[in-house]
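When we follow this note's numbering, the leftmost residue of the sequence shown carries the number 67, and every step to the right adds one.
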Amino acid sequence: MRAARDDSLSILSGRLPADEGTALHAWAWHRDADGALLPARLAGVELQNCLRPMIAVARFVAFAAKELHDRRDWRGCIAAEAAERGTLVAGPLAVAFAKEVRRTAPFVPMLPGWAREDVEVDGQRVPAGGRVVLDILATDTDERSWHRPGEFAPERFVDVDDYEAIATFIPHGGATVADGHRCPGEKLAIAGLAVAIAALSDARVTILGSGLRVNRRRLPTRPASGGRVRSADGAARCPVHVAWGPRRRGAPS
Ligand code: HEM
């Protein structure tokens, strides 16, 4: 914490440069409703909160690597889609694949909470202060709502624009952002995951088959290796940068 306080003070005094318009600058200079600067620790936590949720998406990327490794046909189609569109961003097939990864991955299998008042849910009475657990994975794979629920089938999401209208599709929480327990960053998570899926589908990237086993007794879980990749040509360079980096002339962005 001492380092955080020192860094924050360094920014405020101008000793540590933080460009205007950056998150670092915004949080160092943020003032609360009374006009006071945030305590350095709180500013540091808020700065970290700008990154942390997107880092969590890396868990879904690891599950995506596992599913792509097992599906050459989907990899080929997604790579062709990215090449044709000239971008890794928002390809419909990559987005559909991302949604199916989110539906099936046991990364966030449940959300626990406390009842703030006496409630009745599906005939079950829960007193104020009682524990409520939203079973996300079971809802996302319930055979009453999903056709072939145990099958990984991204095609089920192709042409589905309004996924939020599917009441039983709740990998980022349920109901609405405004009055439910739904993540406001869900669309960003899908966008980031779909870009990663498109990058991982490139033929110049080899997804290693070892370490993709998922221990379902862990929480949160992921494929053991985190999803490791290599350059398909064996070069000791980052395959994603080789394939999509800015230095490659004509590369999609
Ligand atoms: C692995 C990815 C993610 C998962 C599984 C996830 C899940 C969730 C869930 C379930 C909630 C609602 C908790 C509740 O109300 O009980 C939530 C809240 C939130 N999420 Fe995410 N999220 C993810 C990524 C992101 C991203 C990428 C962002 C933004 C860049 C984000 C921003 C937020 C914020 C700001 C809240 C708090 C909303 C509030 O309190 O009103 N999340 N998240």
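Think of the CB as a built atom: it goes at the ideal place given N, C-alpha and C, for glycine as much as any other residue. Predicted model only: the values in this text are computed from it and were never measured.
In the structure shown, the three-state DSSP call for T153 is coil.
Taking C-beta separations shorter than 8 Å and ignoring five residues to either side along the sequence, the partners of M176 in its chain run V199, L200, D201, I202, L203, following chain order. Taking 7 Å as the cut-off, the C-beta of C304 does not count as close to any heavy atom of the ligand HEM. When DSSP states are grouped into helix, strand and coil, L103 belongs to the strand group. Below 8 Å, enough C-beta pairs join the region 155 to 173 and the region 246 to 260 to call them touching: three or more. Judged by DSSP in its simplified three-state form, G110 adopts helix. Counting C-beta pairs closer than 8 Å gives three or more between the region 258 to 275 and the region 119 to 129, which meets the contact rule.
The region 216 to 227 makes no contact with the region 88 to 101, as fewer than three CB pairs between them are under 8 Å. Cβ neighbours of R168 within its own chain (closer than 7 Å, five residues either side excluded): F126, P237. In the three-state reduction of the DSSP assignment, I236 falls in the coil class.
Contact between A298 and V271 holds, since their C-beta atoms are separated by about 6 Å, short of 8 Å.
Of the candidates C249, E186, I232, I232 places its Cα closest to the Cα of D208. Inclusion of L254 in the 7 Å shell around the ligand HEM follows from its C-beta lying nearer than that to a non-hydrogen atom of the ligand.
Under DSSP, L177 forms a beta bridge with L200.
Nearest in C-alpha terms to G300, of all of D206, A84, G293, A269, is A269.
With contacts defined by Cβ atoms closer than 8 Å, D184 and P193 form a contacting pair.
Within 7 Å of the C-beta of G293 there is not a single heavy atom belonging to the ligand HEM. Per DSSP, V167 lies in no beta strand (DSSP E); the unbroken alpha helix (DSSP H) holding it starts and ends at 158 to 170. In the three-state DSSP reduction, H96 falls in the coil class, being neither helix nor strand. Residue side-chain check: L177 places its Cβ nearer than 7 Å to a non-hydrogen atom of the ligand HEM. The beta-carbon distance between P286 and V155, rounded to whole angstroms, is 27 Å. This is too long to meet the 8 Å contact definition. Spanning the alpha carbons of S267 and T242 requires a straight line of approximately 32 Å. Between D227 and G277, the alpha-carbon positions lie close to 34 Å from each other.
As summarised for the region 261 to 315, the continuous beta strand (DSSP E) elements at least 3 residues long and confined to that stretch are 271 to 273, 295 to 297, given in chain order.
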